[in-house]
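Data first, discussion second: the structure below is written as structure tokens.
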Amino acid sequence: MSEIQEAKFSEKQLLNIYGLLFKVAYVDGGLDKDELRKIFEVMNTDEFSEQGKMVIQNYLVEEPDIEKIIRNFKMDINMGIEQIEYIAYLNAIEISICNDEINTAQQELLARLKKAFVITDEQDKEMRKFAQKAKEIADRGIDDAYAKDALKSAIAGLGGVGVPLAAVYFSGSVIGLSAAGITSGLAALGLGLGMVPGIGVAILIGAVIFIGAKELFDIGGKNQEKKVQLERERRAEQVIRNLQDTINCLIDKISELEKKAQDAVANREAIHKLQEIIRNLRQIQNAKKQGRATC
Numbered sequence: 000m001s002e003i004q005e006a007k008f009s010e011k012q013l014l015n016i017y018g019l020l021f022k023v024a025y026v027d028g029g030l031d032k033d034e035l036r037k038i039f040e041v042m043n044t045d046e047f048s049e050q051g052k053m054v055i056q057n058y059l060v061e062e063p064d065i066e067k068i069i070r071n072f073k074m075d076i077n078m079g080i081e082q083i084e085y086i087a088y089l090n091a092i093e094i095s096i097c098n099d100e101i102n103t104a105q106q107e108l109l110a111r112l113k114k115a116f117v118i119t120d121e122q123d124k125e126m127r128k129f130a131q132k133a134k135e136i137a138d139r140g141i142d143d144a145y146a147k148d149a150l151k152s153a154i155a156g157l158g159g160v161g162v163p164l165a166a167v168y169f170s171g172s173v174i175g176l177s178a179a180g181i182t183s184g185l186a187a188l189g190l191g192l193g194m195v196p197g198i199g200v201a202i203l204i205g206a207v208i209f210i211g212a213k214e215l216f217d218i219g220g221k222n223q224e225k226k227v228q229l230e231r232e233r234r235a236e237q238v239i240r241n242l243q244d245t246i247n248c249l250i251d252k253i254s255e256l257e258k259k260a261q262d263a264v265a266n267r268e269a270i271h272k273l274q275e276i277i278r279n280l281r282q283i284q285n286a287k288k289q290g291r292a293t294c
């Protein structure tokens, strides 16, 4: 088993990653249910400060400042924060393909990020191929030799152009494969099913990320199966709690808007937008409670 390295991302750095994902979702015309589900699956604010949680909740009210986010990423890259640009870029691609097609505005934003993060053409190509293949396999939902071989080929393509494996380990693709039960695909990536709740961009304990190519461990025993189930339940509870906190915040926002000016057109439009987001979040939350949430 490879040696595990520890890398720490601060709350501010994670806020930049999450803000970027929201921005990618916004630029195609608004936050739809598939995009919101994907974002909330990879986001965990349990160890965030109250101020940090408010920043996340405000991302649902107004678009994140992409200029500020890119400046912050550039500073992190210049300071040598390892692999953060690859992790952010791959997850941005995954949000952009959540609705199957990347629209013009998303393509333009990805092109800008590619330049800012100094991602090569070859790396961009292979990351897009990996994200698309992982989504295809997760949507297919069949754990077979094809899934394993296809992911092995996709991961080899990333390694061949210098994309670190950490970008994959902390991506939404891994969460999608786990939700679909593609254990052979996870094994092809060097992951055990029970490890999944500890990875993904935001599935963290606090702000600590463990980086390392880990071998697949045995998941056949009863104790291991129980551990996997408990981890899944724990993660599901985190997502449900995060969704509920966000819903409560948006309900408060609506109350504030209603008090300020009930007849203002702008306020009515904002209220309608927030009500639509709340409906989507509640649907995601209900699906998660029933164990059926996938993206």
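Quick note: the sequence shown uses numbering that gives the first Met the number 0, first residue 0, plus one each step. Heads up, the beta-carbon is just placed ideally off N, CA and C, and yes, glycines get one too. The structure presented is a predicted model; accordingly, all values stated were derived computationally and were not measured.
In this structure, how does DSSP classify residue i when only helix, strand and coil are distinguished?
i	result
G161	coil
N98	coil
I55	helix
Y17	helix
M126	helix
L89	helix
Y39	In the sequence as displayed, the identity of residue 39 is Phe instead of Tyr. In the structure shown, F39 sits in a helix (DSSP, three-state: H, G or I).
D138	helix
V23	helix
A206	Confidence at A206 is low in this model, with a pLDDT of 34, below 50, so its placement is unreliable and the value that follows should be read with caution. The answer is coil: DSSP assigns A206 none of H, G, I, E or B.
L30	coil
Q131	helix
Q289	coil
V60	coil
S48	coil
Q82	coil
S152	helix
I118	coil
A172	Going by the sequence as given, residue 172 is Ser instead of Ala. Note: S172 maps to helix in three-state DSSP.
Kindly say whether residue i, judged by its beta-carbon, lies nearer than 8 Å to any beta-carbon of chain B.
i	result
C97	The chain labelled as chain B is not found in the depicted structure, where only one protein chain is given.
Taking 7 Å as the limit between beta carbons, can you name the residues of its chain near residue i, skipping five residues before and five after?
i	result
G18	Y58, P63, I68
K114	none
C248	Q56
Q122	V160, G161, V162
Enumerate in chain order the residues of its own chain whose CB-to-CB distance from residue i is below 6 Å, with the five nearest sequence positions on each side excluded.
i	result
A24	L30, E34, I94
N285	none
Q243	none
G205	Low confidence applies here, because G205 scores a pLDDT of 31, under 50, leaving its location unreliable and the question unanswered by this model.
I101	S95
Less than 8 Å between the C-beta atoms of residue i and residue j, yes or no?
i	j	result
A166	I86	yes
I246	I270	no
A155	K128	no
E84	F39	no
M126	V162	yes
A149	I92	no
The alpha helix (DSSP H) with residue i in it runs from where to where?
i	result
D75	65 to 77
Q338	Residue 338 is absent from the model: the chain starts at 0 and stops at 294.
On the premise that residue j lies in contact with residue i, defined as a C-beta separation below 8 Å, what is that separation, rounded to the nearest angstrom?
i	j	result
L273	I253	5 Å
V26	L89	V26 to L89, Cβ: 18 Å. No contact.
I80	K134	Not a contact, Cβ separation roughly 27 Å.
I65	K11	The Cβ separation is near 16 Å, so there is no contact.
G171	K37	6 Å
G51	L14	6 Å
Starting from the C-beta of residue i, find all residues in its chain whose C-beta is less than 8 Å away, skip the five residues before and the five after it, and write them out in chain order.
i	result
N241	F39, M42, N43, T44, D45
Q282	K32
M74	none
Q105	V23, V26, D27, S95
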